[in-house]
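Following: one structure in structure tokens, then a few remarks.
Residue numbers (our numbering): 327 to 789.
Now the structure itself:
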């Protein structure tokens, strides 16, 4: 008892010490978060009435929620709070479902590994056992190639679902969500398909480390969202490593997947009603599904030989409303690439052309926004090279009917400086880096991180 009391007191003293160290830092920075403009192009006045939300944290306990108002001068309003427990704001906007084939993994253990006892390897147990048998005792990272066809008929497909419950999200009992997904989608193992296995064994012959890769099937997956009718809408894709459809698999396309609610005491929240699953739109070109915020429309992006396309559906009937191209500006140029992003009321494609000389790369932004007729119309198509920042990969954007605001952190690994671009139908009007006075790492020794992977653009109050 005395020993426990001493330990408790020691922990209390340590906690006080940590808190004491944090107090000067908090007092110095809680009210002094600022973003200053480093202009790249144009007139900042065009940003009047636009604002950006940025959330920063240190160790999930010190939190700054910052509102940055654009205009002639950049103004920052910062709200600081401290949490004794670790907290983190997660970006989960709607329920999601996914299918996947575990095409690679590795594991190690101090004792021998039983492949059948591990859920991740049970379906490949015979393949891994064959690889282990071909591995000499005492060998380390021994490479073995094993044909799959003698051991398995179909690639195993697992289903999982994530719900935005609280700030942590919630994962279902994946093994029970769709236990027969493998049989339903029946993606066959073909002659010539192999597993590349790496094995390490003790001198006794027991396996203590093993890893595998299935090089022929890195494109078997499904991703989807929950619809307004409570069903999952899932885009299923089964392609080989060359991008060709795998013959013999279930048709590719959008599936409507009803679920039944089960008693939470059983550890299962939902389970797929497989007898009612139906293919509602067949396509071998689909890349992603997006549900619009009003829950009346579903948007599919597809990659065809002619470039990327967006297809808009009435979610209740799955009738096509509109099809429009969203391909990049530099299509056909071997040094060009593009990335499309779907927001609630607009689609943006950012195209980049790499310069082989010492000149800067070129950038072009195209935006399609929803009009009063409910259809997408091209509203922005302009050269943004003068204000580009190549490191801002994760971005968010809004279109207010006239101006397009695109924002992203200046470095994908958490730099809290913000890159800003504003365009209208006349072209790029403004670009800047907004430099934050809280740096990473901070000179106090406290690590400053962005709490979400992208800032949030919006309109100032009264706009």
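By construction, the Cβ of each residue, glycine as well, lies at the ideal position given by its N, Cα and C atoms.
If you're wondering where the values come from, they're calculated on a predicted model, not measured in any experiment.
Exercise for review: Could you have a look at residue 773 and say whether DSSP puts it in helix, strand or coil?
Suggested key: Judged by DSSP in its simplified three-state form, residue 773 adopts coil rather than helix or strand.
Check your understanding: By how many angstroms is the C-alpha of residue 605 removed from the C-alpha of residue 597?
Key -> Going by the C-alpha atoms only, they are around 18 Å apart.
Review point. Cα separation between residue 384 and residue 787?
Key: Between residue 384 and residue 787, the C-alpha separation is close to 29 Å.
**Study point:** Same chain, Cβ closer than 7 Å to residue 583, five either side skipped, listed in chain order
**Key:** Beyond the five residues adjoining it in sequence on each side, residue 583 comes within less than 7 Å, by CB distance, of 557, 558, 560, 598 and 603 in the same chain, given in chain order.
Check your understanding: Ordered along the chain, which non-local residues of its own chain (more than five positions away) have a Cβ less than 8 Å from that of residue 567?
Key -> Within the same chain, residue 567 has close Cβ partners 541, 542, 543, 544 and 545.
Review point. Which class does residue 462 belong to by DSSP, given the choice of helix, strand or coil?
Key: Coil, per DSSP.
Review point. Is residue 491 buried or exposed, if buried means 16 or more other CB atoms sit within 10 Å of its CB?
Key: Unreliable placement is indicated for residue 491, whose pLDDT of 41 sits below 50; the coordinate value is still reported in the next sentence. Looking at its Cβ environment, which holds fewer than 16 other Cβ atoms inside 10 Å, residue 491 is exposed.
Review point. For residue 405, does the three-state DSSP call read helix, strand or coil?
Key: In this structure, residue 405 counts as strand in the three-state DSSP scheme.
**Study point:** Unbroken stretches of the beta strand (DSSP E), 3 residues or longer, contained in the segment 560–591
**Key:** Taking only runs of at least 3 residues, the beta strand (DSSP E) segments lying wholly in the segment 560–591 are 579–583 and 585–587.
Practice item. Hey, could you find the ends of the alpha helix (DSSP H) residue 609 is sitting in? Key: Where residue 609 is concerned, there is no enclosing alpha helix (DSSP H), given that its DSSP letter is neither H nor E.
Check your understanding: Run through DSSP, which three-state label would residue 453 get?
Key -> Residue 453 falls in the helix class under three-state DSSP.
Practice item. Let me know if residue 368 comes out buried or exposed under the rule of 16 or more other beta-carbons within 10 Å of its beta-carbon. Key: For residue 368, the number of other beta carbons within 10 angstroms of its own is at least 16, and it is reported as buried.
Exercise for review: Check each candidate in 708, 478 and 457 and name the one with the smallest Cα separation from residue 469.
Suggested key: The option with the nearest alpha carbon to residue 469 is 457.
**Study point:** Nonlocal neighbours in the same chain, by C-beta distance under 6 Å from residue 449, ignoring five residues either side
**Key:** Only 482 meet the Cβ criterion.
Check your understanding: Hey, residue 519 and residue 576: beta-carbon distance below 8 Å or not?
Key -> Not a contact, by the Cβ cut-off of 8 Å.
Check your understanding: Looking at the structure shown, is residue 681 part of a helix, part of a strand, or coil, going by DSSP?
Key -> Coil, per DSSP.
Review point. For residue 486, which option in 398, 574 and 421 has the closest C-alpha, if you only look at C-alpha atoms?
Key: With distances taken between Cα atoms, residue 486 lies closest to 421.
Practice item. Please name the residue in 409, 521 and 463 whose C-alpha comes closest to that of residue 387. Key: Cα-wise, what sits closest to residue 387 is 409.
Review point. Is residue 634 near residue 655, with beta carbons less than 8 Å apart?
Key: Not closer than 8 Å, so no.
Check your understanding: Taking three-plus beta-carbon pairs below 8 Å as touching, is the segment 748–766 in contact with the segment 718–736?
Key -> Result yes; three or more Cβ-Cβ pairs closer than 8 Å.
**Study point:** Residue from 527, 378, 601 and 641 with nearest C-alpha to residue 552
**Key:** In terms of CA proximity to residue 552, 641 leads the group 527, 378, 601 and 641.
Point to revise | Beta-carbon contacts of residue 436 that lie in its chain and below 8 Å, excluding the five residues immediately before and after | key: Counting only Cβ-Cβ distances below 8 Å, and skipping sequence neighbours, we find 534.
Exercise for review: Please go through the segment 601–664 and give each complete alpha helix (DSSP H) segment of 4 or more residues, from N-terminal end onward.
Suggested key: Runs found: none.
Exercise for review: Would you kindly check if the distance between the Cβ of residue 377 and the Cβ of residue 362 is under 8 Å?
Suggested key: Pairing residue 362 with residue 377 gives a Cβ-Cβ distance that is not under 8 Å.
Exercise for review: In angstroms with no decimal places, state the Cα-to-Cα distance between residue 756 and residue 426.
Suggested key: Going from the Cα of residue 756 to the Cα of residue 426 covers about 42 Å.
Exercise for review: State the Cα-Cα distance for the pair residue 724 and residue 672, rounded to the nearest angstrom.
Suggested key: A straight-line Cα-Cα distance of about 8 Å links residue 724 and residue 672.
Check your understanding: According to the Cβ coordinates, are residue 609 and residue 578 closer than 8 Å?
Key -> Their beta carbons are under 8 Å apart, which means residue 609 touches residue 578 by this criterion.
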